[in-house]
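Peer 1: One structure coming up, written as structure tokens, with questions to follow.
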Amino acid sequence: MNSFNLTRDNFKSRIAQSFSRAAKGYDQEASLQKQVANQLLEFLPKQLSSNPSDTVILDLGTGTGYAIPYLTQLYPDAHLLGVDVAEGMLKVNASQNGHLLIDYICADAESLPFVDASVDLIVSSLAIQWCRDYPAFFAECKRVLKPQGQLYISTLGPRSLWQLHEAWLKVDEIQHVNRFEALETLVSYSDGLTLFLKETEVNKQAYPNLQQLLKSLKSIGASVVEHRETTGLGGRHRLAQLEKVYQSFVHGDGSLPLTYQVFYLAWCKNDR
Ligand SMILES: C[S@@+](CC[C@H](N)C(=O)[O-])C[C@H]1O[C@@H](n2cnc3c(N)ncnc32)[C@H](O)[C@@H]1O
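Okay, structure coming up:
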């Protein structure tokens, strides 16, 4: 299997394709994503200080729109924008939430197509771990937020998927699993924004078998590995080896554990 160095845009288009392909089955596989989104939404302010009818909210990396019904209920008069790099995700989202007044925009979180100081609230659940240029992402959020605007994100930390990472290391030397930034590193990129929420959670999922475990990774996009042209799930022979090695983590009931380290973070844009 060949490995290539990829440009950032090539990686982005693979992310977009991977999520678009996964879009139709995403909701069935997305139990972790739903738990994390629920927790992130709990942190949101029940009221925003802006005039409700002038309020603009971005659901960034909106996916199939799990957060949309909650956001429209919480902020009924706001103008809600669903942004995602994967057109396939936006199509499923629109088919499920088309009755709600939302605008959909296919765009990259690192290059937002909005004018300066035009957004009151950015909410982004389990999407920005696919950004490759965090300073660009935070600079864009800072640019489009109005003064006192807020950014709420959930994202994955470096302890995520550690069992899979360790198991693959025993099979071959290829990188099959993406690695994620440490909290301090992530926060260090958010210059000019004031951090006011910083929570870490260890979320343990269990799967009946390796096939289900790997399928769930596809829905979170984790089968796309940076610096590799092929997906990270491996051929049949290596998957059999992986299954054997993964038995060292197996639970008493036979299920396979996979840990996600989740960060919940929120920032406010200062007046200047
Ligand atoms: C795991 S899904 C989460 C979807 C949704 N927020 C949820 O909680 O169910 C991640 C989403 O982020 C999108 N995404 C990944 N990288 C992105 C980027 N750079 N800009 C915008 N969206 C991105 C993917 O296409 C995908 O729809």
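Numbering (the working numbering), first residue to last: 2 to 273.
For glycine and all other residues, C-beta sits at the position ideal for the given N, C-alpha and C.
Since the structure is predicted, the reported quantities are computational estimates derived from the model, not experimental observations.
Which whole-angstrom value is the C-beta distance of Ser19 and Glu88, which I expect to be below 8 Å?
Peer 2: Position 18 of the sequence shown holds residue 19. Position 87 of the sequence shown holds residue 88. The C-beta distance from Ser19 to Glu88 rounds to 12 Å, too long to fall under 8 Å, and the pair is not in contact.
Peer 1: Is Ser32 near ligand 1, with its Cβ less than 7 Å from a heavy atom?
Peer 2: Taking the sequence shown and counting its residues from 1, one reaches residue 32 at position 31. No, Cβ of Ser32 sits at least 7 Å from all heavy atoms of ligand 1.
Peer 1: What's the gap between the Cα of Gln149 and the Cα of Leu214?
Peer 2: Along the sequence shown, one-based indexing puts residue 149 at 148. Along the sequence shown, one-based indexing puts residue 214 at 213. C-alpha separation (whole angstroms): 41 Å.
Peer 1: Do you know offhand how far Asp272's Cα is from Glu244's?
Peer 2: Here residue 272 corresponds to residue number 271 of the sequence shown, with the count starting at 1. Here residue 244 corresponds to residue number 243 of the sequence shown, with the count starting at 1. Each residue's Cα considered, the two are about 53 Å apart.
Peer 1: Between Leu45 and Ser191, what straight-line distance do the alpha-carbon atoms span, to the nearest angstrom?
Peer 2: Taking the first residue of the sequence shown as 1, we reach residue 45 at position 44. Taking the first residue of the sequence shown as 1, we reach residue 191 at position 190. Spanning the alpha carbons of Leu45 and Ser191 requires a straight line of approximately 19 Å.
Peer 1: Report buried or exposed for Gly233, applying the criterion of at least 16 other Cβ atoms within 10 angstroms of its Cβ.
Peer 2: To locate residue 233, count along the sequence shown from 1; it is residue 232. Residue placement at Gly233 cannot be trusted, given a pLDDT of 49 that sits under 50; the coordinates are not used to answer.
Peer 1: For Val178, name the three-state secondary structure that DSSP assigns.
Peer 2: For the purposes of this step, residue 178 is identified with residue 177 of the sequence shown, where counting begins at 1. Val178: coil per DSSP, three-state reduction.
Peer 1: Mind reading off the beta-carbon distance from Phe138 to Ala110? Whole number of angstroms is fine, and I expect it under 8 Å.
Peer 2: The count along the sequence shown starts at 1 and reaches residue 138 at position 137. The count along the sequence shown starts at 1 and reaches residue 110 at position 109. Yes, Phe138 and Ala110 are in contact; Cβ-Cβ is about 5 Å, under 8 Å.
Peer 1: With 16 as the cutoff for other CB atoms within 10 Å, does Gly62 come out buried or exposed?
Peer 2: Locating residue 62 in the sequence shown gives position 61, where the first residue counts as 1. Per the 10 Å Cβ criterion, buried.
Peer 1: Considering only DSSP beta bridges, list what Leu82 is partnered with.
Peer 2: Position 81 of the sequence shown, counted from the start, is the residue given in the question as residue 82. Paired residue(s): Leu59, Asp104.
Peer 1: If you draw a straight line from the alpha carbon of Glu200 to that of Leu218, how long is it in whole angstroms?
Peer 2: The residue given as residue 200 occupies position 199 in the sequence shown. The residue given as residue 218 occupies position 217 in the sequence shown. Near 23 Å, if we compare the C-alpha coordinates of Leu218 and Glu200.
Peer 1: Less than 8 Å between C-beta atoms, sequence neighbours within five positions excluded: which residues of the same chain meet that for Gly158?
Peer 2: Residue numbering aside, residue 158 sits at position 157 when the sequence shown is read from its first letter. These residues qualify, in order along the chain: Phe181, Glu182, Ala183, Leu184, Thr201, Gln262, Val263, Phe264.
Peer 1: Can you list, in chain order, the residues of its chain with a C-beta nearer than 8 Å to that of Lys47? Leave out the 5 residues immediately preceding and following it.
Peer 2: Walking along the sequence shown from the start, residue 47 turns up at place 46. Around Lys47: Leu75.
Peer 1: Let me know the beta strand (DSSP E) ranges lying completely inside the segment 112-199, each 3 residues or longer, listed in chain order.
Peer 2: Within the segment 112-199, the runs of beta strand (DSSP E) that reach at least 3 residues and sit entirely inside it are, in chain order, 120-126, 146-157.
Peer 1: Look up Pro258 in the DSSP assignment and give the residues it is bridged to.
Peer 2: Residue 258 sits at position 257 when you count from the first residue of the sequence shown. The partner list for Pro258 (beta bridge, DSSP) reads Ala207.
Peer 1: Within 10 angstroms of its Cβ, does Ala241 collect 16 or more other Cβ (buried), or is it exposed?
Peer 2: On the sequence shown, position 240 is the one that residue 241 refers to. Residue environment for Ala241: exposed (fewer than 16 other C-beta atoms within 10 angstroms of its C-beta).
Peer 1: Which residues does DSSP pair with Glu202 in a beta bridge?
Peer 2: The count along the sequence shown starts at 1 and reaches residue 202 at position 201. DSSP, once it has assigned bridges, lists Val263 as partnering Glu202.
Peer 1: Can you tell me whether Asp28 is helix, strand or coil according to DSSP?
Peer 2: Counting from 1 along the sequence shown, the entry for residue 28 is found at position 27. Asp28 falls in the helix class under three-state DSSP.
Peer 1: Using the C-alpha atoms, what's the distance from Lys270 back to Lys143?
Peer 2: For the purposes of this step, residue 143 is taken as the residue at position 142 of the sequence shown. For the purposes of this step, residue 270 is taken as the residue at position 269 of the sequence shown. Within the model, the alpha-carbon separation for Lys143 versus Lys270 is close to 7 Å.
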